[in-house]
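First comes the structure, then the notes that go with it.
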Amino acid sequence: MGVGSNLIVRDGGLRAVVIRLGRGFNGIEIDGNTVIAGAAALDAHVAKKAADAGLDLTFLRTIPGSIGGAVRMNAGCYGTYTADHFIWAEVVTRTGEIMRLGPEDLQFQYRQTAWPEGAVLIRAAFEASEGVPEELHARMQEQLAKRDETQPTKDRTAGSTFRNPAGFSSTGRADDSHDLKAWKVIDDAGMRGAMRGGAQMSPKHSNFLVNTGEASADDLESLGEEVRKRVFQNSGIELEWEIMRVGEPAPAKAKLADK
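Just so you know, we're using the UniProt record's numbering here: the sequence shown kicks off at 1 and counts up by one.
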């Protein structure tokens, strides 16, 4: 587990050991055009430290997560993905072996990788092009302003809820362009601002699930499933969750009939 973005833990909790890497895994090193970051390093910190060194990893600046999650989910923004800069990742297996994995091992795809079961990422290396530090920092400020203008950054969300659907070519066959946006098909299905319990599809950006104050995990997941159903009924498009959902539902309440 990184910093909890893109994650819903169901109300019944998780029957598992949860590993959250701490300060010993948040180092950031610069070696020429290579940036080596610990899995616990925040994406924003990596982007800023790289910019200080005149290296362009600006796409990471607005991604609210850590490097471990960025690699695991092939995080991206503004048309650039983690896979575009990835060199290698070091992981620890369940048997305690440290392994180095390359792009061919992870088989990057849109918002997913072929991750070895049970492996824990500890650090990763990225190649970055050169730039002028002042210009890189200015670009990141523009990206932050754009994000704040279009996304509910002040609300409690888990980030983008659904993956953008695959597009369709002129022949009608599915492709991987992802030019069609999840928020658009959610809007078309009339689900912008929809609510269930304390959960709401953000009126500002309808691909964000918002906890308005007292939402349970079930409120959030149930509203998300209702959105998927309505979108499919309206357009035939089956949205895929981008948020990871883990754990078990809350135990059912005892029946009063047992008195």
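Where is the CB? At the ideal position from N, CA and C, for every residue including glycine.
The structure presented is a predicted model; accordingly, all values stated were derived computationally and were not measured.
Would you decide whether residue i is buried or exposed? Buried here means 16 or more other CB atoms lie within 10 Å of its CB.
i	result
threonine 95	exposed
glutamine 200	buried
arginine 61	buried
threonine 161	buried
Only counting the same chain, and skipping five residues up and downstream in sequence, which positions put a Cβ closer than 6 angstroms to that of residue i?
i	result
isoleucine 63	Asp43, Ala75, Cys77
arginine 10	Ala217, Gly247, Glu248, Pro249
glycine 2	Gly65, Ser66, Gly68, Gly69
arginine 156	Asn211
What is the DSSP secondary structure of residue i, counted as helix, strand or coil?
i	result
serine 202	coil
glutamate 90	strand
arginine 72	helix
asparagine 207	coil
Tell me which same chain residues have a C-beta within less than 7 angstroms of the C-beta of residue i, skipping the five on either side of it?
i	result
isoleucine 98	Glu90, Val92
lysine 181	Asn164
glutamine 141	none
methionine 244	Asn6, Leu7
alanine 158	Ser5, Asn6, Leu7, Ile8, Leu209, Ile243
arginine 192	Ile186, Met201, Pro203, Ser206
Output needed for residue i: all residues of its chain with C-beta closer than 8 angstroms, excluding positions within five of it in sequence on either side, in chain order.
i	result
leucine 57	Val35, Val46, Ala47, Ala50, Ala51, His85, Phe126, Ala128
phenylalanine 108	Asn74, Tyr81, Thr82, Ala83, Phe86
The segment 15 to 26 touching the segment 86 to 95, judged by at least three CB pairs closer than 8 angstroms: no
Start-end ranges of the alpha helix (DSSP H) lying completely within the segment 133 to 200, minimum 4 residues: 133 to 150, 182 to 188
The segment 132 to 141 in contact with the segment 205 to 223 per 3-pair CB rule at 8 angstroms: no
Alpha helix (DSSP H) segments (min. 4 residues) lying fully within the UniProt domain "FAD-binding PCMH-type" (1 to 131): 43 to 52, 67 to 72, 103 to 106
Validate contact between the segment 230 to 237 and the segment 187 to 194 using beta carbons, cut 8 angstroms, 3 pairs: yes
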